[in-house]
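Peer 1:
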Ligand code: ADP
Ligand code: MG
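In the UniProt record's numbering, the protein residues as written are 1 to 237.
#1: Kindly list the residues whose CB is nearer than 8 Å to the CB of residue 149, restricted to its own chain and excluding five residues on each side of it in sequence; keep chain order.
#2: Could you name the residues, in chain order, whose CB is less than 5 Å away from a heavy atom belonging to the ligand ADP?
#3: Under 8 Å, with one C-beta from each stretch per pair, do the region 195-210 and the region 166-180 reach the 3-pair mark?
#4: With a 10 Å radius around its C-beta and 16 neighbouring C-beta atoms as the bar for buried, classify residue 74 as buried or exposed.
#5: Is there contact between the region 64-72 and the region 138-148, where contact requires at least three CB pairs shorter than 8 Å?
#6: Could you check what DSSP says for residue 92 in three-state terms: helix, strand or coil?
#7: Terminal residues of the continuous alpha helix (DSSP H) containing residue 165?
#8: Is the beta carbon of residue 84 sitting closer than 7 Å to the one on residue 160?
#9: Rounded to whole angstroms, what is the Cα-Cα separation between residue 127 and residue 23?
#10: Ignore the nearest five residues each way along the sequence and tell me which others in residue 217's own chain have a CB closer than 6 Å to its CB.
#11: Going by beta-carbon coordinates alone, are residue 88 and residue 155 separated by less than 7 Å?
#12: Taking 8 Å as the limit between beta carbons, can you name the residues of its chain near residue 232, skipping five residues before and five after?
#13: Check each candidate in 163, 115 and 143 and name the one with the smallest Cα separation from residue 177.
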């Protein structure tokens, strides 16, 4: 699903240039659950943003579902992103002025799906995250764990091939964190590829593979267990 070849990313500010990623070579197969770990500032979010087509590498190659996307225009990347990727962030990033239902509905609105179809899909996914009794609530009326489950519902409502999660349990207590991780594990079991940045060893333990970054370099890849992909509607790429 994802292949990088000597990926580099540098950020230039007024006086300094920071090399955030240095010659990163990484392949991720369809159906895999990959955790990215490493100290603060080592390039984890930068890597996730590039994988998520939110940012471009400075140089190197980056393939996403067999397309070479480093040369894509902003518009092409946006389209590819909206069709394929769901995001989950540490701070939930829900829109406070919108109800649970309206937040989850947003990706479908962007995809110009009819209101009737949207209602069906949103109700199904809210049931899936066990929040169907909360669809009229607003984010501030929910616990942190519930808010993150709404964010996951929003990330998966349009059936993405890939979920990218940046420290999804970082703002949650352990009980809520476990609920969120159970949900991500289930989605992976059902065939969704997941790439997750985490500082938590127990969260990383859910993944098939742990990737360590240090100072922009990929320093180790730990294949924990063989990935068995017997998942519906998915083929191994
Ligand atoms: P992590 O997520 O592992 O904490 P980041 O990927 O956010 O690390 O950042 C990696 C490095 O790149 C850090 O040194 C950070 O300061 C720098 N960096 C990240 N984003 C920007 C940016 N937009 N402009 C300048 N420097 C950045
Ligand atoms: Mg980060």
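Just so it is clear, CB atoms sit at the ideal spot from N, CA and C, and this is done for glycine as well. Small disclaimer: the values here were computed from a predicted structure and weren't measured.
Peer 2: In short, the structure shows the following:
#1: Closer than 8 Å at the Cβ level, and outside the excluded window around residue 149, lie 129, 130, 131, 179, 180 and 183.
#2: Selection around the ligand ADP by beta-carbon proximity, strictly under 5 Å to any non-hydrogen atom, yields 11, 18, 20, 40, 41, 42, 43, 44, 45 and 46 in chain order.
#3: With a cut-off of 8 Å, the region 166-180 and the region 195-210 count as touching, because enough Cβ pairs lie within range.
#4: Around the beta carbon of residue 74, fewer than 16 other beta carbons lie within 10 angstroms, which makes this residue exposed.
#5: With a cut-off of 8 Å on Cβ pairs, the region 64-72 is not in contact with the region 138-148, counting fewer than three such pairs.
#6: Coil at residue 92, not helix or strand.
#7: Unbroken run through residue 165 is the beta strand (DSSP E), 162-166; no alpha helix (DSSP H).
#8: Closer than 7 Å, so yes.
#9: C-alpha separation (whole angstroms): 43 Å.
#10: The residues are 22.
#11: Yes, Cβ-Cβ distance for residue 88 and residue 155 is below 7 Å.
#12: Note that residue 232 scores a pLDDT of 45, beneath 50, so its modelled location is shaky and nothing firm can be said.
#13: With distances taken between Cα atoms, residue 177 lies closest to 143.
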